[in-house]
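**Q** What follows is a single structure, and I will ask about it in a moment.
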Amino acid sequence: MCMEQDQHITKESDLMERIVALCKRRGLIFPSSEIYGGINGFWDYGPLGVEIKRNIKEAWWRDIVQLREDVVGLDASIIMHPRVWDASGHLATFSDPMVDCLVTKKRFRTDQIEPLDGVALFFTGARDSLTPAVCNEPFSVLILPGKKPEDARQVARQFYSLRGLKDPVLLGESCCEVHGTVSYNPENGAQLTPSRQFNLMFKTTVGPVETEDNITYLRPETAQAIFVQFRNVLDTTRMKIPFGIAQIGKAFRNEINPRNYTFRSREFEQMELEYFIRPDEIVLKTQGQIDEQGGEEPRCNWGWKAWHKYWLKQRRRWYTSVGISQDDLEEYWQTKEELAHYAKATVDLLFRFPFGKQELEGIAARGDFDLTQHQNYSGKPLDYYDEVAKQRYVPHVIEPSAGVDRLLLAIVCSAYDEEELFSEEVGKKETRTVLRFHPSVAPYKCAVFPLLKNKPELVAKAREVFLSLRQFFPCYYDENGAIGRRYRRQDEIGTPMCITIDFETIEGSRLSGQRDTVTVRDRDTMQQRRVSIAELKDHIAEKLTVFPQRSSLR
Ligand code: GAP
């Protein structure tokens, strides 16, 4: 690895550490059950985190459901009939390859182990120096970079101790060069178990008696409930194809190796849309031709490829509205070999996280796989009568599927900024940490302060302004500490505007005599301007709606 790359990675991992620390310090994200030592892969959202999460979900719901006539919503139960997971293929195929370290028992996803080159020591077994016991199980250890053969032997002795030898003496040592191996624990060099498949669904039982018959699962995706309720939604809403059903809700996956903070969790939320379209042969029959390119405005002659591109565009556009710069997004079109068993095409929208470019959302063309499977397994018709084509068919589907937790992390990473400023209060340079949130996701849209806490007239006016603004915007009141410190506290949680009630508010301007004006400080420019209280609400509303789009901060 070259020096420059090395420094880049250190800088980015430092950045991630600072982001994690801020999220903890300011009540965005806490480890779940922290007082009991936490539980790997589970996270809680604190007072500010929960507001950001709600804002993300509301922005998505508004764009996908409320601003469209062709999409309706659903809120289904997390636990469903176990046959759902048989039909969907999750029972048979929703698994990752897994290996265990034979010494520490630590579990790894086989496909996430970096291939290693080196020399491995092999042992035919070990005997006990204190008793006649012998273990004839072969074992091997890779000598890790920077380690000595004796370190590897020590790992082998640990292995034979676990096999019951009190003081193992290693037998039949030999060595061999290995290349591109994934058979050893990258942390201690110990041999791993052979790779096996591990189903990621969490099992549970329904009812008071635990038997094989009442096993079911926490849903690993929200999508299946949409397919299962397709008939009910169709019958009760009289939607006509093309149309979509959207859902936001919890999903659970027993990830082998949760990592990168909340990025890969075991409990998370998804925002999924299943958008049902005509199969291409029906488009051809009714329109005489198929448009595969598509465009801005949907048309009757669009085939699935055009719809897939349309939803990709729609979803990219939406990310700007929650503060994700287009510069930080990248499309990755899955290869044929990578596609899930149900997909005809999938494009992943990747975000530039400090730990690398990773998937934020997948937009899949799922064909008619899911409805057909549920129709076959349930024996209930899940087809659609097309009045134009005058025939029944199983609709095809385009699925944009996004993770709320991943997006929240992306929003925080993309908003995080630090700048060096001269502080007059402290008389030296200070680092200002600021979350440059888009107002649509900021937990508070504004904060109100009296200049001084010990001046009752300032406090009374500030409370009056705060109580009136609170009717319109999520708003925070703070009277504690120096005014500069209060501004910094709001910068750190991304509040777009701070409103200060000072003596000029009460006594009037020395120049114009005008009373009832306040200062409004902009989080990003730190510039202040005076605004009359009567115009304050409109001023804030305008600033929030005409928020400038920005490019990546990194
Ligand atoms: N219904 C399709 C589906 O579930 P997916 O790519 O497995 O597709 C969709 O998941 C989105 O859900 C991902 O793009 C990601 O944002 C989120 N997601 C998936 N697994 C996750 C995990 N373990 N932790 C956090 N978010 C996850």
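The sequence shown begins at 4 in the numbering used here and counts up one residue at a time.
Positions of the beta carbon are idealized from the N, C-alpha and C atoms, including for glycine.
Relative to the C-alpha of Glu390, which candidate in Val429, Gly370, Glu295, Met242 has its C-alpha closest?
**A** Looking up residue 390 in the sequence shown gives position 387. Taking only the C-alpha atoms, the option nearest Glu390 is Met242.
**Q** Buried or exposed: which applies to Thr349, given that a residue is buried once 16 or more other Cβ atoms fall within 10 Å of its Cβ?
**A** As a working note, residue 349 is residue 346 in the sequence shown. The residue is buried, with at least 16 neighbouring Cβ atoms inside 10 Å.
**Q** Hey, quick one: how far does the alpha helix (DSSP H) through Gln376 stretch, first residue to last?
**A** Translated into the one-based positions of the sequence shown, residue 376 becomes position 373. Gln376 -> alpha helix (DSSP H) spans 372 to 381.
**Q** Among all the DSSP beta bridges, which residues are the ones paired with Lys253?
**A** In the sequence shown, the residue the question calls residue 253 occupies position 250. BP columns for Lys253 point to Glu272.
**Q** Helix, strand or coil: how does DSSP classify Ile244 here?
**A** Here residue 244 corresponds to residue number 241 of the sequence shown, with the count starting at 1. In this structure, Ile244 counts as coil in the three-state DSSP scheme.
**Q** Near Glu603, what residues of its chain come up, given a Cβ to Cβ distance below 6 Å and the 5 sequence neighbours on each side ignored?
**A** In the structure as shown, the chain starts at 4 and stops at 557, and residue 603 therefore has no counterpart that could be examined.
**Q** In the DSSP assignment, find the unbroken beta strand (DSSP E) run with Thr219 in it and report its ends.
**A** Within the sequence shown, the letter at position 216 stands for residue 219. Annotation: the continuous beta strand (DSSP E) that includes Thr219 extends over 218 to 220.
**Q** In angstroms with no decimal places, state the Cα-to-Cα distance between Thr472 and Ala463.
**A** Counting from 1 along the sequence shown, the entry for residue 472 is found at position 469. Counting from 1 along the sequence shown, the entry for residue 463 is found at position 460. In the sequence as presented, Thr is not what sits at residue 472; that position holds Leu. Those two C-alpha atoms are separated by around 14 Å.
**Q** Just the Cα atoms here: how many angstroms apart are Ser381 and Ser91?
**A** As a first step, residue 381 must be located in the sequence shown, where it is residue number 378. As a first step, residue 91 must be located in the sequence shown, where it is residue number 88. Taking the straight line from one Cα to the other gives about 12 Å.
**Q** Excluding five sequence neighbours on each side, which residues of the same chain lie with their C-beta closer than 7 Å to the C-beta of Tyr396?
**A** By one-based count along the sequence shown, residue 396 stands at place 393. So the qualifying residues of the chain are Pro282, Ile285, Asp386, Tyr387, Asp389.
**Q** My output table needs one value for Met19: the three-state DSSP class, helix, strand or coil.
**A** Within the sequence shown, residue 19 is the residue found at index 16, counting from 1. Helix.
**Q** Using three-state DSSP, classify Lys431 as helix, strand or coil.
**A** Taking the sequence shown and counting its residues from 1, one reaches residue 431 at position 428. The answer is strand: DSSP assigns Lys431 an E or B state.
**Q** What's the C-alpha gap between Thr207 and Ile82?
**A** The residue you call residue 207 lines up with position 204 of the sequence shown. The residue you call residue 82 lines up with position 79 of the sequence shown. Between Thr207 and Ile82, the C-alpha separation is close to 9 Å.
**Q** Report yes if the C-beta distance between Asp481 and Arg489 is below 8 Å; otherwise report no.
**A** Walking along the sequence shown from the start, residue 481 turns up at place 478. Walking along the sequence shown from the start, residue 489 turns up at place 486. Cβ distance < 8 Å, so Asp481 and Arg489 count as in contact.
**Q** I'd like to know if the segment 112 to 124 and the segment 85 to 102 are in contact, where contact means that at least 3 CB-CB pairs between them fall below 8 Å.
**A** Contact check between the segment 112 to 124 and the segment 85 to 102: three or more CB pairs, one atom from each, fall below 8 Å, which counts as touching.
**Q** In the DSSP assignment, the alpha helix (DSSP H) including Val289 goes from what residue to what residue?
**A** For the purposes of this step, residue 289 is taken as the residue at position 286 of the sequence shown. Here residue 289 is Thr; the residue named in the question, Val, does not match the sequence. That run of the alpha helix (DSSP H) goes 283 to 290.
**Q** Residues in its own chain within less than 8 Å of Thr520 by CB, not counting five upstream and five downstream?
**A** Looking up residue 520 in the sequence shown gives position 517. Excluding sequence neighbours, Thr520 sits near Glu507, Thr508, Ser512, Arg533, Val534, Ser535, Ile536.
**Q** With distances taken between CB atoms, is the gap from Glu295 to Lys308 smaller than 8 Å?
**A** What you label residue 295 is simply residue 292 of the sequence shown in a count that begins at 1. What you label residue 308 is simply residue 305 of the sequence shown in a count that begins at 1. If you check the CB distance, Glu295 and Lys308 come in under 8 Å.
**Q** Consider the C-beta atom of Ser2 and the heavy atoms of the ligand GAP; say whether any pair is separated by less than 7 Å.
**A** In this structure the chain extends from 4 to 557, so residue 2 is not present and cannot be described.
**Q** Within its chain, find whatever has a CB closer than 8 Å to the CB of Glu460; leave out the 5 residues flanking it on each side and keep chain order.
**A** Locating residue 460 in the sequence shown gives position 457, counting from the first residue. The residues are Ile509.
**Q** To the nearest whole angstrom, what separates the beta carbons of Glu258 and Leu203, a pair I think is in contact under 8 Å?
**A** Position 255 of the sequence shown, counted from the first residue, corresponds to residue 258. Position 200 of the sequence shown, counted from the first residue, corresponds to residue 203. Rounded, the Cβ-Cβ distance is 7 Å, consistent with contact.
**Q** When the Cα of Gly497 is compared with those of Asp505, Val444, Gly406, which residue comes out closest?
**A** Locating residue 497 in the sequence shown gives position 494, where the first residue counts as 1. The shortest Cα separation from Gly497 among Asp505, Val444, Gly406 belongs to Val444.
**Q** Please report how far the alpha carbon of Gln157 lies from the alpha carbon of Gly40, in whole angstroms.
**A** Translated into positions along the sequence shown, residue 157 becomes position 154. Translated into positions along the sequence shown, residue 40 becomes position 37. Cα to Cα, the separation comes out at about 30 Å.
**Q** I'd like the list of long-range same chain contacts for Val23, defined as Cβ closer than 7 Å, with 5 residues on each side in sequence excluded.
**A** As a working note, residue 23 is residue 20 in the sequence shown. Excluding sequence neighbours, Val23 sits near Tyr264.
**Q** Can you tell me whether Phe125 sits near the ligand GAP, meaning its C-beta is under 7 Å from at least one heavy atom of the ligand?
**A** Taking the sequence shown and counting its residues from 1, the one referred to as residue 125 is at position 122. No - the ligand GAP has no heavy atom lying nearer than 7 Å to the Cβ of Phe125.
**Q** In whole angstroms, what is the alpha-carbon distance linking Cys138 and Gln161?
**A** Working through the sequence shown from its first residue, we reach residue 138 at position 135. Working through the sequence shown from its first residue, we reach residue 161 at position 158. About 13 Å.
**Q** Do Gly365 and Tyr345 count as a contact pair if the criterion is CB distance below 8 Å?
**A** Counting from 1 along the sequence shown, the entry for residue 345 is found at position 342. Counting from 1 along the sequence shown, the entry for residue 365 is found at position 362. No, these two residues do not count as a Cβ contact at 8 Å.
**Q** Only counting the same chain, and skipping five residues up and downstream in sequence, which positions put a Cβ closer than 8 Å to that of Lys431?
**A** For the purposes of this step, residue 431 is identified with residue 428 of the sequence shown, where counting begins at 1. If we look at Lys431 and ignore the five residues flanking it on each side, its Cβ neighbours are Phe425.
**Q** Thinking C-alpha only, which one of Pro148, Val122, Glu180, Ala193 is nearest Phe142?
**A** Translated into positions along the sequence shown, residue 142 becomes position 139. Residue Ala193 is the option with its Cα nearest to Phe142.
**Q** Near Val106, what residues of its chain come up, given a Cβ to Cβ distance below 8 Å and the 5 sequence neighbours on each side ignored?
**A** Locating residue 106 in the sequence shown gives position 103, counting from the first residue. Counting only Cβ-Cβ distances below 8 Å, and skipping sequence neighbours, we find Val158, Gln161, Phe162, Leu165, Asn188, Asn191, Ala193.
**Q** One question on the structure: do Pro558 and Ala123 come within less than 8 Å of each other, judged by their Cβ atoms?
**A** Residue 558 falls outside the range modelled here, since the chain spans only 4 to 557, and no answer is possible.
**Q** Could you tell me which residues DSSP pairs with Gly121 in its beta bridges?
**A** Counting from 1 along the sequence shown, the entry for residue 121 is found at position 118. Val181, per the DSSP bridge assignment.
**Q** Please specify which runs of the alpha helix (DSSP H), each continuous and at least 4 residues long, are wholly inside the segment 397 to 432, giving them in chain order.
**A** 407 to 418, all fully within the segment 397 to 432.
**Q** For Gly76, name the three-state secondary structure that DSSP assigns.
**A** Sequence index remark: in the sequence shown, residue 76 carries index 73 (1-based). It is a strand residue.
**Q** Which same chain residues, not among the five before or five after Ile218, have their C-beta less than 7 Å away from its C-beta?
**A** Counted from its first residue, the sequence shown places residue 218 at position 215. Excluding positions up to five away in sequence, the list reads Pro85, Lys206, Thr208.
**Q** When the Cα atoms are used, what is the spatial distance from Arg28 to Leu332?
**A** Mapped onto the sequence shown, residue 28 falls at position 25. Mapped onto the sequence shown, residue 332 falls at position 329. Cα-Cα distance, rounded: 28 Å.
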